[in-house]
Amino acid sequence: MQKIIIKNFGAIEYAEIEIKKVLVLIGEQASGKSTIAKLIYFFKTLRDDIFNQIYQDQERDCFDENADIIFVLQEKFYNWFGSAKNFSDDFKIKFYYEFEIDKSLTLSLNEDKTIQCELSRNFYNHKFHTTINEIKKLLRPLSDINIHERLAHEQNKLSYAIILSDELNNLFSYDTVDALYIIAGRSATVSYSELFEKYLFADVKSRLEKNSNLESQFKVQNVDEILMLKFIEKITDNKNKSNETYLSAWDSAYKKYKTKEREGDEQRNRNLVKDKTFEILKGEYTNDNSEEKIVLNTQESINLRNASSGQQEVIRILQDVFLVIFKQLKVLRILEEPEAHLFPVAQKKLIELLALMVNQNDENQLIITTHSPYILSVFNNLLFAQRVVDKNPSAEAEVEKLMPKQFWLDPNEFTAYSLGNSSIEEEPEYCESIFNSQTGAIKQNYLDAVSEMLGGDFNALYSIYTKNSRRR
Numbered sequence: 074m075q076k077i078i079i080k081n082f083g084a085i086e087y088a089e090i091e092i093k094k095v096l097v098l099i100g101e102q103a104s105g106k107s108t109i110a111k112l113i114y115f116f117k118t119l120r121d122d123i124f125n126q127i128y129q130d131q132e133r134d135c136f137d138e139n140a141d142i143i144f145v146l147q148e149k150f151y152n153w154f155g156s157a158k159n160f161s162d163d164f165k166i167k168f169y170y171e172f173e174i175d176k177s178l179t180l181s182l183n184e185d186k187t188i189q190c191e192l193s194r195n196f197y198n199h200k201f202h203t204t205i206n207e208i209k210k211l212l213r214p215l216s217d218i219n220i221h222e223r224l225a226h227e228q229n230k231l232s233y234a235i236i237l238s239d240e241l242n243n244l245f246s247y248d249t250v251d252a253l254y255i256i257a258g259r260s261a262t263v264s265y266s267e268l269f270e271k272y273l274f275a276d277v278k279s280r281l282e283k284n285s286n287l288e289s290q291f292k293v294q295n296v297d298e299i300l301m302l303k304f305i306e307k308i309t310d311n312k313n314k315s316n317e318t319y320l321s322a323w324d325s326a327y328k329k330y331k332t333k334e335r336e337g338d339e340q341r342n343r344n345l346v347k348d349k350t351f352e353i354l355k356g357e358y359t360n361d362n363s364e365e366k367i368v369l370n371t372q373e374s375i376n377l378r379n380a381s382s383g384q385q386e387v388i389r390i391l392q393d394v395f396l397v398i399f400k401q402l403k404v405l406r407i408l409e410e411p412e413a414h415l416f417p418v419a420q421k422k423l424i425e426l427l428a429l430m431v432n433q434n435d436e437n438q439l440i441i442t443t444h445s446p447y448i449l450s451v452f453n454n455l456l457f458a459q460r461v462v463d464k465n466p467s468a469e470a471e472v473e474k475l476m477p478k479q480f481w482l483d484p485n486e487f488t489a490y491s492l493g494n495s496s497i498e499e500e501p502e503y504c505e506s507i508f509n510s511q512t513g514a515i516k517q518n519y520l521d522a523v524s525e526m527l528g529g530d531f532n533a534l535y536s537i538y539t540k541n542s543r544r545r
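Now the structure itself:
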């Protein structure tokens with residue numbers, strides 16, 4: 074299990090959060106949900122930064138912890154969150170890559186207001202240093218060799234890269250190939266022209282490069298721009314891969330499946346994605362010569378730029394889910410506010426699709442930040458479906474008729490936390506687990522408290538109404 078502990082960082086007073094296959098963070102605005110999600114993404118993607126440093130290192134032919142890990146981590150932190158002078162003197166962030174064996178990284182401030190990084194005693198396995206030393210020697214550029222030897226060396230570097238990747242996967246206990254932070258305000262990638270998008274991309278990239286070249290004490294926080302840039306890159310790639318309709322793309326992919334044992338599951342997943350996507354969009358998405366449309370029926374379609382705000386917000390999520398399932402990827406997805414501009418029924422269908430995506434592979438992870446209690450209710454149903462069948466195996470067919478098995482969630486792989494809570498509890502904890510491991514569901518008292526809060530004014534008004542009605 075992975076875990077993050079955050080103390081006095083931004084809006085976060087103290088948070089201790091278990092990170093399982095599915096993690097849901099709910100809370101008021103400015104309660105720190107996004108900050109926690111961004112920190113998790115920071116630590117989960119550190120592996121890729123370490124890989125780039127070691128693979129591209131031209132100076133050292135042996136592993137150097139300071140240069141290959143600590144300096145990389147510090148620079149990434151400064152580039153994301155700005156100068157350390159902006160942080161509280163007693164801030165501390167500890168990320169457990171494996172909580173059970175205390176494999177962790179801890180960030181805090183030195184006396185000179187620089188980032189201090191501490192690696193736990195169990196961070197490395199006994200072979201890591203030896204293997205990385207060998208790889209670094211093999212990756213060193215060769216001199217005084219002919220063209221054939223140079224080509225052979227470049228080909229061998231690909232093999233060394235695979236070995237390096239495997240070593241870092243083990244080091245960070247992380248085997249996911251594709252990580253993406255899906256930002257809020259996704260409709261900005263729909264409502265503006267491609268030319269504007271290119272200018273925006275170039276401008277953000279230029280500003281990030283300038284900030285990266287500054288000394289650490291002068292850097293400003295750029296985490297939102299960094300995540301936006303990566304998101305734009307990803308959705309541009311997704312649009313290029315979505316030139317066919319969802320249905321025709323699934324059909325062409327389905328013809329390539331060779332093993333009959335997989336055909337049933339793949340066919341069911343294909344139909345579920347197609348149907349849910351159509352229901353959410355109220356039509357079928359197409360991308361014809363870079364003109365994105367929603368086909369409402371055989372006679373009518375609407376340009377995506379003229380679609381509703383809900384359709385614009387959700388389309389990038391749906392594209393991504395489709396391609397993840399289509400390509401059978403191992404993914405980490407961190408998603409801000411999936412409910413944005415969606416009717417509760419559409420929220421339900423979107424969460425079911427995300428559950429289908431995360432269930433596709435044992436390594437897949439989904440982290441959601443939300444304001445919506447409807448989202449919690451949908452997750453509760455998916456968790457309860459699995460629990461009903463676990464307790465009563467004979468009920469499986471009946472439950473699956475109501476809710477497809479591909480959507481069910483294992484309660485052992487789910488966590489949920491409420492942040493802030495100032496309007497829900499008289500003496501609130503800043504960060505509180507709202508998942509009951511014994512019942513395998515979100516705590517009923519939390520859901521009841523939200524309902525009571527929403528219904529409190531109505532009950533008070535109704536009381537006034539009945540009292541005054543009697544007087545007449």
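Reading the sequence shown from the start, the letters are residues 74 to 545 in the working numbering.
Ideal Cβ placement from N, Cα and C applies to all residues, glycine included.
In whole angstroms, what is the alpha-carbon distance linking Leu391 and Lys76? C-alpha separation (whole angstroms): 29 Å.
Segment contact, 8 Å Cβ cut-off, at least three pairs: the stretch 437-445 with the stretch 406-415: yes
Only counting runs of 4 or more residues, tell me where the alpha helix (DSSP H) segments fall wholly within the stretch 148-225, in order along the chain. Taking 4 residues as the minimum length, the alpha helix (DSSP H) runs contained wholly in the stretch 148-225 are 201-212, in order along the chain.
Quick check on Tyr447: does DSSP put it in helix, strand or coil? Helix.
Between the Cα of Arg460 and the Cα atoms of Ile166, Asp134, Ser510, which residue gives the shortest distance? Ser510
Within 9 Å, strictly: CB atoms of Arg120 and Tyr254: no
Roughly how many angstroms lie between the CA atoms of Phe480 and Leu426, to the nearest whole one? 7 Å
Can you round the beta-carbon distance between Lys403 and Asn434 to whole angstroms, since I take them to be within the 8 Å contact cut? At roughly 5 Å, the Cβ-Cβ gap stays under 8 Å, so Lys403 and Asn434 are in contact.
Since Leu281 and Glu298 are thought to touch, with beta carbons under 8 Å apart, how far apart are those beta carbons, to the nearest angstrom? 6 Å
Can you tell me whether Ser260 is buried or exposed, with buried defined as 16 or more other CB within 10 angstroms of its CB? buried
Let's test the definition: count the other Cβ atoms within 10 Å of the Cβ of Asp393 and tell me whether it reaches 16, buried, or not, exposed. buried
Beta-carbon separation of Gln294 and Gly155 under 9 Å? yes
In the DSSP assignment, the beta strand (DSSP E) including Gly100 goes from what residue to what residue? 95-100
Opposing strand residues paired with Cys504 [DSSP bridges]: Leu492
Going by CA-CA distance only, name the one from Ile142, Gly383, Pro214, Asp162 that's closest to Ala257. Gly383
Quickly, what does DSSP pair Ile367 with across the bridge? List them, please. The beta-bridge partner set that DSSP reports for Ile367 consists of Tyr358, Ile375.
Going by DSSP, name the residue or residues bridged to Asp251. Val404
Would you kindly check if the distance between the Cβ of Ser279 and the Cβ of Tyr151 is under 9 Å? no
Is it buried or exposed for Glu334, if we count other Cβ within 10 angstroms and need 16 for buried? For Glu334, the predicted model reports a pLDDT of 45, less than 50, meaning its position is unreliable and no value from the coordinates is stated.
Check whether the stretch 356-366 touches the stretch 225-242, taking contact to mean three or more Cβ pairs, one atom from each stretch, closer than 8 Å. no
Where does Ala103 fall in DSSP's three states? coil
Are the CB atoms of Leu178 and Lys165 nearer to each other than 9 Å? no
contact_flag[the stretch 124-141, the stretch 198-212] where n(CB pairs < 8 Å) is 3 or more: yes
Per DSSP, what kind of secondary structure is Thr118 in: helix, strand or coil? coil
Could you give the residue range of the alpha helix (DSSP H) that holds Lys76? Premise fails: Lys76 lies in the beta strand (DSSP E), 75-82, not in any alpha helix (DSSP H).
Tell me the rounded alpha-carbon separation between Ser491 and Glu505. 5 Å
Using DSSP with H/G/I as helix, E/B as strand and the rest coil, what is Ala257? The three-state reading of DSSP puts Ala257 in coil, since its state is none of H, G, I, E or B.
Contact between the stretch 76-85 and the stretch 97-113 is defined here as three or more beta-carbon pairs at a separation below 8 Å; is this criterion met? For the pair of segments examined, the stretch 76-85 was found to touch the stretch 97-113: the number of CB pairs separated by less than 8 Å reaches three.
List the DSSP bridge partners of Glu409. Thr442
Are the Cβ atoms of Lys117 and Thr309 separated by less than 9 Å? no
I'd like to know if Ile367 contacts chain D, where contact means its C-beta is closer than 9 Å to some C-beta of that chain. Absence of chain D from the displayed structure is noted, only one protein chain being present.
Return the first residue and the last residue of the beta strand (DSSP E) that Ala88 is part of. 85-92
Can you check which of these residues, Asp185, Leu146, Glu148, is closest to Asp163 by C-alpha distance? In terms of CA proximity to Asp163, Asp185 leads the group Asp185, Leu146, Glu148.
With a 10 Å radius around its C-beta and 16 neighbouring C-beta atoms as the bar for buried, classify Tyr169 as buried or exposed. Classification for Tyr169: buried.
Could you tell me which residues DSSP puts in a beta bridge with Gln294? In the DSSP output, where bridge partners are listed per residue, Gln294 has Phe154.
Within 10 Å of its beta-carbon, does Thr539 have 16 or more other beta-carbons around it, so buried, or fewer, so exposed? exposed
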